[in-house]
Amino acid sequence: MYLAIVGDVLGSTIEFDPVKPDRDHLSLETLALTGAPTDDSVMTLATWQWWADYRAGKAEIADYISYLRRYFRLTPRIGYGPKFFHLMDEGVEPDPPSCGNGAAMRISALSASAGYSMENIMELVEKLTLQTHKHPEAVKGAQAVVYAGKTALENPEISRSEIAREIEAKFGYDLNLDYDELRGRPFDATCQGSIPQALWCALSSDRVVEMFTKAMTIGGDTDTIACMAGGIFQATCSTQSQIRRGDSGCTIAVALAMSKLKLHLPAELNAIIECCNKEFTGCRGLSAKK
Numbered sequence: 001m002y003l004a005i006v007g008d009v010l011g012s013t014i015e016f017d018p019v020k021p022d023r024d025h026l027s028l029e030t031l032a033l034t035g036a037p038t039d040d041s042v043m044t045l046a047t048w049q050w051w052a053d054y055r056a057g058k059a060e061i062a063d064y065i066s067y068l069r070r071y072f073r074l075t076p077r078i079g080y081g082p083k084f085f086h087l088m089d090e091g092v093e094p095d096p097p098s099c100g101n102g103a104a105m106r107i108s109a110l111s112a113s114a115g116y117s118m119e120n121i122m123e124l125v126e127k128l129t130l131q132t133h134k135h136p137e138a139v140k141g142a143q144a145v146v147y148a149g150k151t152a153l154e155n156p157e158i159s160r161s162e163i164a165r166e167i168e169a170k171f172g173y174d175l176n177l178d179y180d181e182l183r184g185r186p187f188d189a190t191c192q193g194s195i196p197q198a199l200w201c202a203l204s205s206d207r208v209v210e211m212f213t214k215a216m217t218i219g220g221d222t223d224t225i226a227c228m229a230g231g232i233f234q235a236t237c238s239t240q241s242q243i244r245r246g247d248s249g250c251t252i253a254v255a256l257a258m259s260k261l262k263l264h265l266p267a268e269l270n271a272i273i274e275c276c277n278k279e280f281t282g283c284r285g286l287s288a289k290k
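Residues 1 to 290, numbered by the working numbering, are exactly what the sequence shown covers, in order.
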């Protein structure tokens, strides 16, 4: 989902800022101009390539980590966390197992899985996640992101609030969050700390600008929260015009953020967007017609 990439770019320059921008003075256009894709974008695109190849019979489940490693080696200095860096570079698994949100930020591709049952996709997400993150919270977080996106894409009539209630019931997350309380939260790159925030940003918003404004101004791991929220929110939109509606500045910010891929990423990664374009730009109105 391309809004996942946009979220990563927008949040990249303020990820580690202890005090986030005030929403009344936030400029998404400025964030898009100053931002750049990070490891979140690279691993999201790597997952899209694996998913396309897997469905075409060109890749196996066990190949997934080799796809991540392949694109890691093209972009080793783009912002990987130390544990994941050592896993990709040296094959050293984290000890103790990682519950980091990297497991969930890259996985939105599997929301576009019409023809697969939810049970099968949840099993697949678990198998993919365990190749890098062997902590149960990492598996739960990745499954929650895909569950939200797949539910939206395949059920055009379901509301965001209904999806939120399903997530709470199935995964045990509390999505009844308070914006002012979230503003004061510190940086937290764990799944249990950031997945509820991302789900809340996506499922409590009516417009792209509202969703990204929340993600940019609450405390936490900004680019990864926005990456996850962007992918989920796009799945809840019925058309591209719904994504673009209501705020010309946000539309410009989205276009600027996507333009940063060609400036900062190797051509091989940009080619993935062309390969997966129909689903990468998809909405639930389009998916429901398949």
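Every residue gets a Cβ at the ideal spot worked out from N, C-alpha and C, and that includes glycine.
Chain-order list of residues whose beta-carbon lies under 7 Å from that of residue i (same chain, five-residue window excluded)
i: D221; result: E15, N101, F187, D188, A189 and S194
i: L286; result: Its pLDDT being 49, under 50, L286 is placed unreliably in this model, and the coordinates cannot settle the point.
Under the three-state DSSP convention, the category residue i falls into
i: G220; result: coil
i: R190; result: In the sequence as presented, Arg is not what sits at residue 190; that position holds Thr. The answer is strand: DSSP assigns T190 an E or B state.
i: G100; result: strand
i: V92; result: coil
i: C250; result: helix
i: T13; result: coil
i: C283; result: coil
i: T44; result: helix
i: R55; result: helix
i: K20; result: coil
i: A288; result: Residue confidence is low: A288 scores 44 on pLDDT, short of 50, so the model does not pin down where it sits. Its coordinate-derived value is still stated next. Note: A288 maps to coil in three-state DSSP.
i: P37; result: coil
i: A114; result: coil
Neighbourhood of residue i by C-beta, 6 Å cutoff - its chain only, sequence neighbours within 5 removed
i: S205; result: M211
i: L269; result: L45
i: T129; result: A103, A138, V139 and A142
Residue i, enclosing alpha helix (DSSP H) - first and last residue
i: P136; result: P136 to E154
i: I65; result: Y64 to L74
i: S161; result: R160 to F171
i: L124; result: M118 to T129
Rounded distance between the beta-carbons of residue j and residue i, thought under 8 Å
i: S108; j: A4; result: 5 Å
i: D223; j: G7; result: 7 Å
i: H133; j: A164; result: With a Cβ gap of about 24 Å, H133 and A164 do not count as contacting.
i: I272; j: W48; result: 6 Å
i: A36; j: C276; result: The pair is not a contact, with the Cβ atoms about 21 Å apart (cut-off 8 Å).
i: K262; j: V9; result: K262 to V9, Cβ: 12 Å. No contact.
Other residues of its chain near residue i: CB distance less than 8 Å, five sequence neighbours each side excluded
i: T213; result: R23, L26 and L28
i: I65; result: Q131 and T132
i: G81; result: D39, G100, G102 and A189
i: I61; result: Y54, L124, K127 and L128
Chain C within 7 Å of residue i, Cβ atoms only
i: A169; result: This model lacks chain C altogether; it includes just one protein chain.
- Query: Is the region 151 to 168 close to the region 120 to 127, with three or more CB pairs under 8 Å?
  - Reply: no
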